[in-house]
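In this note's numbering, each residue carries its 1-based index in the sequence shown increased by 23.
Note that the Cβ used here is the ideal one computed from N, Cα and C, for glycine as well.
Shown next, in structure tokens, is the structure this report addresses.
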Amino acid sequence: MEKIVSLVSSTYFNCGIEYALAGAREAGFKNIDLAYTNNKYSHLITDKNIYRNLDLCNNYNIKLFAIAAHDCLLRRDGFSDFKKLIDIANFLGVEYITTGSGKIKSRKDESLFINDINKLGEYAENKKVIICIETAGDWIKNGEVLAKMMQYIYSKNVEINYDPANIIFYSESDPILELKKVLPFLGYIHLKDKRGGYKVWDFPALGEGNIDFVQIIDILKDYEIPSSVEIEFDGKNRTISEINDAVKKSYKYLKSIGLITD
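The following block contains the structure:
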């Protein structure tokens, strides 16, 4: 497993990007995934923000490694907005965009998503961008569903972003067993810990939950797959100091298990 480890900026819930960059840098992270959504998680939403955010990354000596584009598909203007996001990624030299499927409520929604993601994958190929679909939501809830879905994806630039914590949250399945089902399609990993079972919103600092990251790293030792740390806590507001502490703990934990070596 390639030791490229990033921090998802939405860890700094409802905070400006500078807080995320400062916290990442202080903890030791050298890469960041900028969140792009239609809500308060967003750190990359308009053309006007692009240059400012890129300058901020440079100021903190943090590489903009990926764009975390959640809540983008299966909504009004979602397809066209995602194409623009691919253009932005290409312009910035960002290779990865992670995203969810959107809210899938019917077979029609499933077909629409697969159709859209195939077209977007074709577009992304020409822009040298890889789209990674996250294990998230009540449809894409485990490895079995993902593996079946990928049979209908023909673009080589559409891969999977595996989130082991979401596997428990949405299906209460074993994240280790489900990971093995999607290895041929894997392009990205979310390093997110989990306490509690089905639909229990509790995603603490890495090492404080129940995810066996040592086993995950062992399974992926021969794969060159980038990863990013995401901390969503338990739904309660956190101070900047508390978030910073959780980010530092997560970085130290990854060093202790050998994923980060410098």
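Residue i - DSSP class collapsed to helix/strand/coil
| i | result |
| --- | --- |
| residue 56 | strand |
| residue 229 | coil |
| residue 202 | helix |
| residue 158 | coil |
| residue 284 | coil |
| residue 36 | coil |
| residue 73 | helix |
| residue 221 | coil |
| residue 90 | strand |
| residue 29 | strand |
| residue 214 | strand |
| residue 209 | strand |
Cβ neighbours of residue i in the same chain (closer than 8 Å, five flanking residues each side left out)
| i | result |
| --- | --- |
| residue 168 | 162 |
| residue 177 | 141 and 144 |
| residue 127 | 97, 133, 136, 160, 161, 162 and 163 |
| residue 283 | 26, 28, 51, 274 and 277 |
Own chain residues within Cβ distance below 6 Å of residue i, not counting five before or after
| i | result |
| --- | --- |
| residue 30 | 47, 52, 55 and 252 |
| residue 166 | 201, 204 and 205 |
| residue 170 | 204 and 205 |
Chain-order list of residues whose beta-carbon lies under 7 Å from that of residue i (same chain, five-residue window excluded)
| i | result |
| --- | --- |
| residue 233 | 217 and 218 |
| residue 87 | 55, 57, 77, 80, 115 and 117 |
| residue 32 | 40, 43, 55, 56, 57, 58 and 66 |
| residue 220 | 191 and 195 |
Rounded Cβ spacing between residue i and residue j (contact assumed at less than 8 Å)
| i | j | result |
| --- | --- | --- |
| residue 156 | residue 183 | 6 Å |
| residue 34 | residue 45 | No, residue 34 and residue 45 are not in contact; Cβ-Cβ is about 12 Å, not under 8 Å. |
| residue 214 | residue 248 | The pair is not a contact, with the Cβ atoms about 11 Å apart (cut-off 8 Å). |
| residue 158 | residue 185 | 6 Å |
**Prompt:** Along the chain, which unbroken stretches of the alpha helix (DSSP H) at least 4 residues long are found entirely within the segment 227–279?
**Reply:** 236–242 and 263–279
**Message:** Quick check: the segment 98–118 against the segment 262–282, are at least 3 beta-carbon pairs closer than 8 Å?
**Reply:** The way I'd put it, the segment 262–282 doesn't touch the segment 98–118; fewer than three beta-carbon pairs between them come closer than 8 Å.
**Asked** Which parts of the segment 163–196 are runs of the alpha helix (DSSP H), unbroken and 4 residues or longer, counting only runs that do not cross its ends?
**Response** Scanning the segment 163–196 for uninterrupted alpha helix (DSSP H) segments of 4 residues or longer gives 166–173 and 187–194, listed from N- to C-terminal end.
**Request:** Kindly confirm or deny that the segment 126–137 and the segment 221–228 touch, where touching means at least three C-beta pairs closer than 8 Å.
**Result:** no
**Message:** Across the segment 140–153 and the segment 199–209, are there enough close Cβ pairs to call them in contact, namely three or more that are closer than 8 Å?
**Reply:** With fewer than three CB-CB distances shorter than 8 Å, the segment 140–153 does not count as touching the segment 199–209.
**Message:** Using 8 Å as the cut-off, can you tell me whether the segment 72–88 makes contact with the segment 121–135, which would need three or more C-beta pairs spanning the two stretches below that distance?
**Reply:** The segment 121–135 and the segment 72–88 do not touch, with fewer than three beta-carbon pairs separated by less than 8 Å.
**Asked** Do the segment 251–268 and the segment 230–241 meet, that is, are 3 or more Cβ pairs less than 8 Å apart?
**Response** no
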